[in-house]
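Here's the structure, in structure tokens; my notes come after.
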Amino acid sequence: MIDCDVHCAPASLETLAPYLSDYWREYTATAGIRLVGMANAYPPGAPTSGEAVPSDYDTLCKRVLETDSPRHVVLNCLTICEAHRNPYYQAALASALNDWMRDEFLARDSRLRASMVVSTVDPDDAVAEVERLGDDPRFVQILLPIRTDAPYGNRRYHRLFAAAEEHNLALGLHAWGRAGHAPTTSGYTLSYLEDYVSNQTIAQTHVVSLVSEGVFDRMPDLRVALMECGFAWLPALLWRFDKDWKGVWREVPWVKERPSVYVRRHVRATTAPTHLPTDQPAHVRELIDMVGAELLMHASDYPHNHGASAGALYELLTETAREDVRDANAAAFYGLDPAPGGEVR
Amino acid sequence: MSVVQTTPETPTEVPRSVSLVDCDIHPTLTHPELLKRIAGRWRRHLERFGRRTPMITEFYPRTANAGFRLDSWPEAPGGFPGSDLGLLRTQLLDEFGIDYGILNCLGLLSCHEVPALAAEITRVLNDWMLEWMDEEPRLVGALVVPYEYPDLAVREIERRASDPRWVQVILPDSAEDPLGSRKYWPIYEAAVAHGLPVAVHTAGYWPHLDTGWPSYYLEEHVANSMRMQSQLTNFICEGTFDALPGLRLVVTEAGVSWSAPLAWSLDSAWELLRDDSPPIDRRPSEIVREHVWFTTQPIEEPDDPSEFAQVVQHAGLDDRLLFATDYPHWDFDSPTQALPRSLSDQQRHKILAGNACALYGLPLSARA
């Protein structure tokens, strides 16, 4: 089994001190900057947040590696979203987080892989980080939080994606991200429930943007993982997207195939949150057929808790599909060794 | 994959006189015509300063014919698609034998003006639609209201609602505040008090951007469905339907097929977070099922048409789908061709007329 979304985060900035320059150590100390564990996205008391995010290898071992026995785990550190808008600080924090992940996790267990964190405000800084670490095969993708300044298909990101493609890194679009904009197109959300559910809507904007801006045509080897964004919305989105493209394709001549063809070729989604009913198996089975189990990759999303429906999903899959979702789809996507006895499809 | 039908069909009583209702027709009052109908200082204001808010079409130009059916441009100079009642009658009402068509005028939905001017534009648009309805009894209307000023909006509803030809109130899908917020509740209360559903139509000026501006009209057009998903989520999460049990919401031109997945995710999240959310005392999917209708255009077209029938069943939408053409826009859905062939005759009948008759109290002659 490959677990495509497990969280880790430094407990405090002190942990990162060895990886920050004197300037940033002093800057963060005098400014009183503290890490708050993405409290807006994961309020510590909310049942969806689960227990504290692992901040060291031993904890990760105890809670994930020893309990679930995954072949591989992809670590996601969202701490970068706590950086303020100073681009130099973003870049410094990204490098510090990557170096910390290498020392604390990647160097200590060959099962571990990670998403490389990069500046989310300056693509040039992000490219520089990819150039610095891109040859380390333990980084399998670039972490891109979905709440950001521009949809990810925007041309400003293309040089980053070219670097990703060159270094065989996928793009890992993950729920949440930068606070500041209204989180939805409706405006500010008053309830956590609304904010939480909105990740699934926001993710759709990026899927549409990546295809519409011709990213997959320019970079035919680029792969995108949607993490913690759901997947049940895909069929409705793709039906509409295909239909609209048929009407206005002249506007985007670089989109040469139906949008759904690009999405099915380049995009995968993790299984957490599943957010499907547990009492309507026939409907869920039909939906999974529409989505296509080949697009799904298993994730525990540890330590977050999205309820019981992930288990229900696996009960509805055929045995082959279950194995693909649990392991083979991710193995092929990230270029990881096939499971013993399995084959990469 | 076919699944045994478990939900019993509940036939809607459809008056035999009504076989086709178009729930989304866009009339246009051109700017010169609008100016002619406004006197005094507000006319001077419009002539000197124009309107304050850019139209979303300026951001995302439509790729051909300004986004309209090529044949919908009137021959008379100065005409605009949807500005000529005669043409609308020939091309739409007569052509397809439409019994009732709802005028959804978008003329105020993309602008934010000072209160008095917003109220003035509203008055002109509603008066003008009444002229059309006087001349063409097959047309009924959606009341345009100055929605950013709920007190003025309520006044407009109170002033007009006794005329049964106003069958709903219309709002855009993006506004200053999320549409479920308390600010707009007085509008909904007035609509409920007068038995009027509230249509939310894709329009507005995008004051909020979750993740920044897209680049292309293709993205904007697909995003119509996402914006409506956000608004519906907001109506649920702010407890708007619980506060206003009589509120009937008509999701217009935003798609249909996302309904079940959205409701499922809300259900699932609500199970976990119900203690932390505003009082929502039952599953969000039940609330959607009870309070929300969906117009069909632009209807989703899966390669396998049976999948459309499946999503209708997943969301329990048999009684909630309302046919719409979106005349005169480019992505017009034809009453004779648009509905997926996977739907049963009974479903088609409900979608084409029965559900609209039940929702809007048609035919008007059947009303007390």
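Chains as they are written, first to last, in the working numbering: chain E, 174 to 518; chain L, 122 to 489. Where a beta carbon is used, it is the ideal one built from N, C-alpha and C, also for glycine.
Distance CB(residue i)-CB(residue j) smaller than 8 Å
{"i": "L:ILE278", "j": "L:LEU264", "result": "yes"}
{"i": "E:PRO296", "j": "E:ARG329", "result": "yes"}
{"i": "E:LEU270", "j": "E:CYS250", "result": "yes"}
{"i": "L:THR243", "j": "L:PRO202", "result": "no"}
{"i": "L:TRP414", "j": "L:ARG395", "result": "no"}
{"i": "L:GLN350", "j": "E:THR240", "result": "no"}
{"i": "E:ARG286", "j": "E:VAL246", "result": "yes"}
{"i": "L:LEU141", "j": "L:GLY199", "result": "no"}
{"i": "L:VAL319", "j": "L:TYR221", "result": "no"}
{"i": "L:PRO405", "j": "L:ASP388", "result": "yes"}
{"i": "E:ALA483", "j": "E:ILE175", "result": "no"}
{"i": "E:ASP500", "j": "E:ALA485", "result": "no"}
{"i": "E:VAL428", "j": "E:ASP474", "result": "no"}
{"i": "L:ALA312", "j": "L:VAL288", "result": "no"}
{"i": "L:GLY228", "j": "L:LEU206", "result": "no"}
Spatial neighbours of residue i in its chain, beta-carbon cut-off 8 Å, leaving aside the 5 residues before and after
{"i": "E:PRO432", "result": "VAL381, VAL384, SER385, LEU411, PHE414, ASP415, TRP418"}
{"i": "E:ALA265", "result": "LEU193, SER194, TRP197"}
{"i": "E:LEU208", "result": "ALA182, PRO183, ALA184, SER185, LEU186, THR252, GLU255"}
{"i": "E:PRO356", "result": "ARG320, THR362, ASP368, SER371, ILE375"}
{"i": "L:ASP294", "result": "LEU300, VAL321, HIS322, THR323, ALA324, GLY325, ASN345, ARG348, MET349, GLN352, ALA375"}
{"i": "E:SER222", "result": "TYR215, PRO216, PRO476, HIS477, ASN478"}
{"i": "L:TRP194", "result": "ASN186, GLY200, PHE201, PRO202"}
{"i": "L:LEU464", "result": "PHE429, ALA430, VAL433, ILE472"}
{"i": "L:GLN458", "result": "none"}
{"i": "E:LEU490", "result": "ILE461, ALA466, VAL498"}
{"i": "L:PRO426", "result": "PRO461, ARG462, SER463"}
Same chain, Cβ closer than 6 Å to residue i, neighbours up to 5 away in sequence not counted
{"i": "L:PRO299", "result": "ASN355"}
{"i": "E:VAL425", "result": "SER385"}
{"i": "L:LEU292", "result": "TYR268, VAL321"}
{"i": "L:ASP452", "result": "PRO419"}
{"i": "L:PHE444", "result": "THR417, ILE472, LEU473"}
{"i": "E:ALA398", "result": "ALA343, GLY345, ARG441"}
{"i": "L:ASP363", "result": "none"}
{"i": "L:MET122", "result": "At L:MET122 the pLDDT is 34, less than 50, meaning the model places this residue with poor confidence and gives no usable figure here."}
C-alpha gap between residue i and residue j, whole angstroms
{"i": "E:GLY200", "j": "E:PRO183", "result": "The sequence as given places Tyr at residue 200 of chain E; Gly does not occur at that position. Going by the C-alpha atoms only, they are around 18 Å apart."}
{"i": "E:ARG438", "j": "E:TYR230", "result": "35 Å"}
{"i": "E:ASP213", "j": "L:TYR481", "result": "Note on identity: in this sequence residue 213 of chain E is Asn, with Asp being the wrong assignment. Roughly 43 Å between the two C-alpha positions."}
{"i": "E:ARG396", "j": "E:ALA335", "result": "12 Å"}
{"i": "L:VAL124", "j": "E:PRO393", "result": "Summary for L:VAL124: the model assigns pLDDT 34, below 50, so the residue's position carries little reliability; its value from the coordinates is reported in the next sentence. Looking at the two C-alpha atoms, the distance is approximately 38 Å."}
{"i": "L:GLU256", "j": "L:TRP249", "result": "11 Å"}
{"i": "E:ARG305", "j": "E:ALA299", "result": "10 Å"}
{"i": "L:PRO182", "j": "L:SER346", "result": "19 Å"}
{"i": "E:SER242", "j": "E:ASP452", "result": "29 Å"}
{"i": "E:TYR318", "j": "L:THR332", "result": "One point to set straight first is that residue 318 of chain E is Pro, not Tyr, in the sequence displayed. Cα-Cα distance, rounded: 10 Å."}
{"i": "E:ASP322", "j": "L:GLY188", "result": "29 Å"}
{"i": "L:LEU460", "j": "L:SER386", "result": "27 Å"}
{"i": "L:GLU422", "j": "L:ALA274", "result": "37 Å"}
{"i": "L:GLU392", "j": "L:PRO271", "result": "33 Å"}
Under 7 Å by beta carbon: chain L residues contacting residue i
{"i": "E:THR491", "result": "Simply none; closest approach about 12 Å."}
{"i": "E:ILE375", "result": "ASP331, THR332"}
{"i": "E:MET463", "result": "GLU428"}
Cross-chain neighbours of residue i in chain E, by beta carbon under 7 Å
{"i": "L:THR184", "result": "VAL421, ARG423, GLU424"}
{"i": "L:GLU422", "result": "TRP412, LYS416"}
{"i": "L:GLY376", "result": "ALA409, ARG413"}
{"i": "L:TRP385", "result": "ALA405, HIS448, LEU449, PRO450"}
For residue i, the residue or residues it bridges with in DSSP
{"i": "E:SER115", "result": "Limits of chain E in this structure are 174 at one end and 518 at the other, which puts residue 115 of chain E out of reach."}
{"i": "E:ASP345", "result": "Looking at the sequence provided, one finds Gly at residue 345 of chain E rather than Asp. Answer by DSSP bridge pairing, in chain order: E:LEU316, E:ALA398."}
{"i": "L:TYR221", "result": "L:VAL142"}
{"i": "L:LEU292", "result": "L:VAL321"}
{"i": "L:MET349", "result": "The partner list for L:MET349 (beta bridge, DSSP) is empty, contrary to what the question assumes."}
{"i": "L:VAL371", "result": "L:ALA320, L:TRP414"}
{"i": "E:ASN249", "result": "E:HIS180"}
{"i": "E:VAL440", "result": "E:VAL397"}
Cutoff 7 Å; reference residue i; Cβ partners in own chain excluding five residues on either side
{"i": "E:VAL290", "result": "CYS250, ILE253, ALA267, LEU270, ASN271, LEU316"}
{"i": "L:HIS435", "result": "ALA381"}
{"i": "L:GLY360", "result": "PRO399, PRO400, ILE401"}
Partner residues on chain L for residue i, Cβ-Cβ distance less than 9 Å
{"i": "E:TYR369", "result": "ALA390, LEU393, LEU394"}
{"i": "E:ASP322", "result": "THR332, GLY333"}
{"i": "E:ASN327", "result": "GLY333, TRP334, PRO335, SER336"}
Interface residues of chain E facing residue i [CB-CB closer than 9 Å]
{"i": "L:SER398", "result": "SER364, TYR365, LEU366, GLU367"}
{"i": "L:HIS342", "result": "ARG413, ASP417, GLY420, VAL421"}
Any C-beta of chain A under 8 Å from that of residue i
{"i": "E:TRP197", "result": "As a matter of chain content, chain A is missing from the structure shown, whose protein chains are E and L."}
Neighbouring residues, chain E, relative to residue i (Cβ below 8 Å)
{"i": "L:ALA274", "result": "Under the 8 Å cutoff, chain E gives no residues; its nearest Cβ is about 18 Å from L:ALA274."}
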